[in-house]
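Asker: Heads up: the sequence shown is residues 19 to 151, going by our numbering.
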Amino acid sequence: MTATREIVAAYYAAFNAGDTGAMLALVADDLRHDVNQGSPRRSKALFAEFNAHMTRCYREELTDMVIFAQGNRAAAEFVVNGTYLATDEGLPEATGQTYRLPAGAFLSVNDAGLIERITTYYNLSDWLRQVGA
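The following block contains the structure:
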């Protein structure tokens, strides 16, 4: 297992454990977080705010995880199994709906062994359909 793969696997294990502190310990201060909806976040602090928001609105577990790594780059494919806990601004009302959504991510790890980029993709239309929009 490469160092990059180990770091990415640890990041997603922390995600599944709901351990935001452990996730943040694995990302660089100048992290670039790209999502397929919205503007990139460009700091660890903004990523921490995003995680706090996500924890309030969603409970998610990633399954069927496959991680590929080469050099300092990695790709992960997984299924998001979630519950919509609290209404997220601009999205349908949350009533505890559950969803199962295929997703993927691309990550880069810097020379210090910290994740410096996370780019996540999922099908928002599929999620909206699943939560009854």
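Idealized CB from N, CA, C, for every residue including glycine.
#1: Nearest CA to the CA of V53: which residue from D106, F68, L109, G89?
#2: Take the Cβ of R147 as the centre, count every other Cβ of all protein chains shown within 10 Å, and call the residue buried at 16 or more, exposed below.
#3: Where D37 and A151 are concerned, what is the direct C-alpha to C-alpha distance, given to the nearest angstrom?
#4: Taking the CB atoms as reference points, tell me whether Y139 and G114 lie closer together than 8 Å.
#5: So, using beta-carbon positions, are V149 and Y102 closer together than 8 Å?
#6: Between Q55, F33, T73, which lies nearest to T105 when the distance is taken from Cα to Cα?
#7: Have a look at A130, L142, T137 and flag the residue whose alpha-carbon is nearest the alpha-carbon of L44.
#8: Taking the alpha-carbon positions, what's the L125 to R23 distance?
#9: Applying the 10 Å Cβ sphere with the 16-neighbour rule, what's the burial state of G100?
Answerer: Per the coordinate set shown:
#1: Taking the sequence shown and counting its residues from 1, one reaches residue 53 at position 35. Nearest of D106, F68, L109, G89 to V53, Cα basis: F68.
#2: The residue labelled residue 147 in the question sits at position 129 within the sequence shown. It is exposed - the Cβ of R147 has fewer than 16 other Cβ atoms within 10 Å.
#3: As a working mapping, residue 37 is identified with position 19 in the sequence shown. As a working mapping, residue 151 is identified with position 133 in the sequence shown. Using only the alpha carbons, I get a separation of about 30 Å.
#4: By 1-based counting over the sequence shown, the position of residue 139 is 121. By 1-based counting over the sequence shown, the position of residue 114 is 96. Cβ distance not < 8 Å, so Y139 and G114 don't count as in contact.
#5: In the sequence shown, counting from the first residue as 1, residue 149 sits at position 131. In the sequence shown, counting from the first residue as 1, residue 102 sits at position 84. Going by beta carbons, V149 and Y102 fall inside the 8 Å limit.
#6: For the purposes of this step, residue 105 is taken as the residue at position 87 of the sequence shown. Nearest neighbour of T105 by Cα position, chosen from Q55, F33, T73, turns out to be T73.
#7: By 1-based counting over the sequence shown, the position of residue 44 is 26. Closest option to L44, Cα to Cα, is A130.
#8: As a first step, residue 125 must be located in the sequence shown, where it is residue number 107. As a first step, residue 23 must be located in the sequence shown, where it is residue number 5. When rounded, the distance between both Cα atoms is 10 Å.
#9: Position 82 of the sequence shown, counted from the start, is the residue given in the question as residue 100. Under this definition G100 is a buried residue.
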